[in-house]
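For the sequence shown, counting from 1, position 51 maps to 56 in our numbering; every step adds exactly one.
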Amino acid sequence: MIFKKTRELEAQIDEYLDCVVEGALIFKQGIYFFLQEDLTELEIRAKELEKKEHQGDQLRRKIETILYEQTLIPESRGDVLGLLESTDTVLNTLSETLMQFVV
C-alpha cells in the first residue's frame, strides 16, 4: 500500500516537472516570436505560459499536501519540498520575463 502511494507521488512529481519543461519550451517559442517581431504570437505564448505557471502551482500545492498529510519519504521530505520551491521559482521567472517582453 505504501509503495503504491509513493509511486503515485512520483508520478505527480513527474507531471509537475513535465509542466516546467513545457513552460520552458513555451518561453523559448515566445522569445523566437519576439525576435521575429510577431507580437501577436508572443502574446499568445505569454498567455499559454501564464496558464502553465498556474497549472504548475496547482500541481506543486497538491504534491506538498500529499507530503505533509501522508508520511511518505519522511527523511527526504525537506529536500523534495526545497526542490519543488526552487523549480516553481524557475517557472514563475519564465512567465514574468516573457510578460515583460509583451509590455
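We put the beta carbon where it would ideally sit given N, CA and C, even for glycine.
For residue i, the first and last residue of its enclosing alpha helix (DSSP H)
i          : result
residue 85 : 82-107
Option in the options with minimal Cα separation from residue i
i          : options            : result
residue 99 : 88, 16, 46 and 61  : 61
residue 23 : 96, 72, 69 and 73  : 96
residue 17 : 42, 67, 35 and 101 : 67
residue 56 : 25, 42, 83 and 10  : 25
Residue i in three-state terms, based on DSSP
i          : result
residue 62 : helix
residue 78 : coil
residue 43 : coil
Beta-carbon contacts of residue i that lie in its chain and below 8 angstroms, excluding the five residues immediately before and after
i          : result
residue 44 : 38 and 107
residue 20 : 64
Neighbourhood of residue i by C-beta, 6 angstroms cutoff - its chain only, sequence neighbours within 5 removed
i           : result
residue 93  : 65
residue 104 : 51
Same chain, Cβ closer than 7 angstroms to residue i, neighbours up to 5 away in sequence not counted
i           : result
residue 58  : 28, 96, 97 and 100
residue 110 : Here the chain comprises residues numbered 6 to 108, so residue 110 is not present and cannot be evaluated.
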